[in-house]
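Accompanying notes for the structure given below.
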Amino acid sequence: MSVAKRDLEDNRKVTTRRLIEMKQRGEKISMLTAYDYSMAQLIDQAGMDVILVGDSASNVMAGNVTTLPITLDQMIYHGKSVMKAVKRALVVVDLPFGTYQGNSKEALASAIRVMKETHADCIKLEGGSEIRESIERILCAGIPVMGHLGLTPQSINKFGTYTVRAREEEEAKKLIEDAHLLEEIGCFAIVLEKIPAALAAQVASELTIPIIGIGAGGGVDGQVLVMHDMLGINQGFSPRFLRRYANLAEEITRAVQAYIEDVKTQDFPNEKEQY
Ligand code: KIV
């Protein structure tokens, strides 16, 4: 079914329950990041199922090398901006590094701030058994949690590289165990980042909750990409899993240069463009 037709038929708000129903009937889930009002509005109106206010904002919005420096206040700022625009998509906000790993009380306080101040639908955090207590406490407060396993960028200093994770048997076994644990304790979905496609497909077939992949192949229940990467705004990042749907860097540069030229040559503004 085309996106336009689906939208006409079903523009109800996407919920965590509807994502599970989508998995059950084999409809793939679309998910994309957004960090600001204007882009979130376009992405929502285009019919996206899930919008992730990712801590990748640290890279693509704030210019940091990793996701580690972004703060809870900054994530709340992005979450609020996105929530003002979105009518249909489910909105997930990342808990940033250092706001949930310390202890479960701190994790709950962080999640509550996100929910109260942004009005988002749910939160996402990175990790498995190590953060079980934090996840359980957040879930007990009635806040839906999306897990994130595989390449978890907040642990980049432990990994030392952004290469494919869980190629080795031991790491793959731990990932499968963690995925089952997240489902058992009540997460409504899991992001699997940059792991072998066969492993991701195995996890998706063993679990009843939706598995959303990024660099995890086509055997999962949905796909997520970083908006700046798929629109070709961020040109310095070209991993094998990325498909570019636009080349906005070129388009924006061309438009900005045309404007500069028109200002310099006094072509802009013309008589019709003034009062
Ligand atoms: O922060 C982010 O953009 C993410 C995606 C890569 C899944 O977590």
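According to our numbering, the sequence shown is numbered sequentially starting from 1.
C-beta: ideal position from N, C-alpha, C; glycine also.
Bear in mind the structure is a predicted one, so any value in this text is a computation, not a measurement.
Asked, Found
"Outcome for residue 238 when other beta-carbon atoms lying within 10 angstroms are tallied against a minimum of 16", "exposed"
"Of the residues 250, 253, 236 and 231, the one placed nearest residue 244, counting alpha carbons only", "231"
"Residue range of the unbroken alpha helix (DSSP H) whose run includes residue 110", "104 to 118"
"According to DSSP, residues forming a beta bridge with residue 140", "Residue 140 pairs with nothing; no bridge assigned."
"Residue ranges of each beta strand (DSSP E) within the segment 27 to 72, 3 or longer", "29 to 33 and 50 to 53"
"Pair within 8 Å by beta-carbon distance, residue 51 and residue 34", "yes"
"Span of the alpha helix (DSSP H), counted from its first residue to its last, around residue 178", "169 to 185"
"Short Cβ contact (8 Å threshold) for residue 222 with residue 80", "no"
"The segment 150 to 161 touching the segment 130 to 141, judged by at least three CB pairs closer than 8 Å", "no"
"Near ligand 1: residue 175 beta-carbon under 7 Å from a heavy atom", "no"
"Local Cβ density within 10 Å of residue 260, reported as buried at 16 or more and exposed below that", "exposed"
"Residues sharing a beta bridge with residue 191, DSSP", "148 and 212"
"Distance cut-off 7 Å: residue 193 Cβ against heavy atoms of ligand 1", "yes"
"Sub-8 Å separation of residue 14 and residue 90 beta-carbons", "yes"
"Rounded C-alpha distance that separates residue 8 from residue 85", "Confidence in residue 8 is poor, its pLDDT being 45 and thus under 50, which makes the residue's placement unreliable; the coordinate value appears in the next sentence. Each residue's Cα considered, the two are about 19 Å apart."
"Best match in 250, 156, 148 and 25 for proximity to residue 200 [C-alpha to C-alpha]", "148"
"Close Cβ partners of residue 87 (< 7 Å) along its chain, the five nearest in sequence each way excluded", "44"
"Cβ shell of residue 215 (< 7 Å), same chain only, five flanking positions each side left out", "193, 194, 239 and 241"
"Alpha-carbon spacing of residue 169 relative to residue 197, whole angstroms", "14 Å"
"DSSP state of residue 92 mapped onto helix, strand, coil", "strand"
"Heavy atom of ligand 1 within 7 Å of residue 231 beta-carbon", "no"
"Alpha carbon of residue 121 to alpha carbon of residue 275, nearest angstrom", "46 Å"
"Contact between the segment 100 to 107 and the segment 59 to 75 (3+ Cβ pairs under 8 Å)", "no"
"Test item: CB-CB of residue 234 and residue 60 under 8 Å", "yes"
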